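**Q**
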Amino acid sequence: MRVITVAGPPSVGKTAVVLKTAAALGQRAGRIGVVKFDALATSDDDTYARAGLPVVAGLSGGLCPDHFFVSNIDDCLDWARGRGIDLLIAESAGLCNRCSPHLQAALGVCVVDTLSGVHTPRKIGPMLKLADIVVITKGDIVSQAEREVFAFNVQAANPQALLLPFNGITGQGAMELGHHFARAPLVERLEGSRLRFSMPSAVCPYCIGETSIGREHQRGNVRKMAFPEAAS
1 MRVITVAGPP
11 SVGKTAVVLK
21 TAAALGQRAG
31 RIGVVKFDAL
41 ATSDDDTYAR
51 AGLPVVAGLS
61 GGLCPDHFFV
71 SNIDDCLDWA
81 RGRGIDLLIA
91 ESAGLCNRCS
101 PHLQAALGVC
111 VVDTLSGVHT
121 PRKIGPMLKL
131 ADIVVITKGD
141 IVSQAEREVF
151 AFNVQAANPQ
161 ALLLPFNGIT
171 GQGAMELGHH
181 FARAPLVERL
191 EGSRLRFSMP
201 SAVCPYCIGE
211 TSIGREHQRG
221 NVRKMAFPEA
231 AS
């Protein structure tokens, strides 16, 4: 089957992009299914189900959503295969700019919106910098100058990516994105494949439940700030 990872910061319109693209594709890419990864709660699975798409949702709870994603994505292929799905879209939680949910074997898509500010593309890590396609939403709300500066900064952050403007309300851009979805690489299994970039570190005590503040509680992978000397 074909596998696509869709990442991006919260509230950029990832679900709308997936829904409009799936509708534009129709049956041309076979049966489309969705895996929705989130942290504490989601209702997007209900939205996908109402659109007639097979869907399963996974909540990471107290774990890093990226680590939860990579621990479960191969099982998601088994779920999809058992339901005759030909094209599986994995929508990530996208909770921080350090997220790294793209796979070497799959098509990687990052969704960003122009309302986040023209400098935002330079602040986003692997989920934008290593994506194959960067979808830019909400461009109809800002000026042409802002759209152009935002797109320039996206391209500067990821020179190899295809940039695609997208309107999550009208679906403008869905046909072109669907064309790329339908040509995504075929994946038999992900076991033995690799992430495009390492996940955020998860070996400090706060990652596993520590709540006390102070040096005596800071062990493992801890990074401290450097402060300038006080003026004499």
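Numbering (UniProt numbering), first residue to last: 1 to 232. Each residue gets a CB set at the ideal place from its N, CA and C atoms; glycine is no exception. All figures in this text were calculated on a predicted structure; none of them were measured in a lab.
1) Which ranges would you report for the beta strand (DSSP E) in the stretch 44 to 91 if only whole runs of at least 3 residues count?
2) Does DSSP put residue 128 in a helix, a strand or coil?
3) Could you tell me the distance, in whole angstroms, from the CA atom of residue 135 to the CA atom of residue 111?
4) Please report the Cβ distance between residue 171 and residue 36, rounded to the nearest whole angstrom; I am assuming they are in contact, meaning their Cβ atoms lie under 8 Å.
5) Which term fits residue 68, buried or exposed, when burial requires 16 or more other beta carbons within 10 angstroms of its beta carbon?
6) What separation, rounded to the nearest whole angstrom, lies between the Cα atoms of residue 34 and residue 214?
7) With a threshold of 7 Å between beta-carbons, can residue 84 be considered close to chain C, or not?
8) Please list the terminal residues of the continuous beta strand (DSSP E) segment that includes residue 5.
9) Just the Cα atoms here: how many angstroms apart are residue 125 and residue 5?
10) Within the continuous beta strand (DSSP E) that includes residue 107, where are the two ends?
11) Once the 5 residues before and after residue 51 are set aside, which same chain residues still bring their CB inside 8 Å of it?
12) Counting Cβ pairs closer than 8 Å, one from the stretch 97 to 116 and one from the stretch 65 to 85, do we hit at least three?
13) Quick one: is residue 38 buried, meaning 16 or more other Cβ sit within 10 Å of its Cβ, or exposed?
14) In terms of alpha-carbon separation, which member of 154, 131, 16 lies closest to residue 174?
15) How big is the Cα-Cα spacing for residue 168 and residue 204?
**A** Here's the rundown:
1) Listed in chain order, they are 55 to 59, 87 to 91.
2) In the displayed model, residue 128 falls within a helix according to three-state DSSP.
3) Rounded to whole angstroms, residue 135 to residue 111 spans 5 Å at the Cα level.
4) Their Cβ separation, rounded to whole angstroms, is 20 Å, which puts residue 171 and residue 36 out of contact at 8 Å.
5) Buried: at least 16 other Cβ atoms inside 10 Å.
6) Roughly 43 Å between the two C-alpha positions.
7) Among the protein chains of the structure shown there is no chain C, as only one such chain exists.
8) Looking at the DSSP string, the run of the beta strand (DSSP E) that includes residue 5 is 2 to 7.
9) Approximately 15 Å between the Cα atoms of the pair.
10) Annotation for residue 107: the continuous beta strand (DSSP E) segment containing it runs 107 to 113.
11) In its chain, beyond the 5 residues on either side, 19, 22, 23 have a beta carbon closer than 8 Å to the beta carbon of residue 51.
12) Contact between the stretch 97 to 116 and the stretch 65 to 85 is present, because at least three Cβ pairs lie under 8 Å.
13) Answer is buried; the Cβ neighbour count reaches 16.
14) When C-alpha distances from residue 174 are compared across 154, 131, 16, the shortest belongs to 16.
15) The alpha-carbon of residue 168 is positioned some 39 Å away from that of residue 204.
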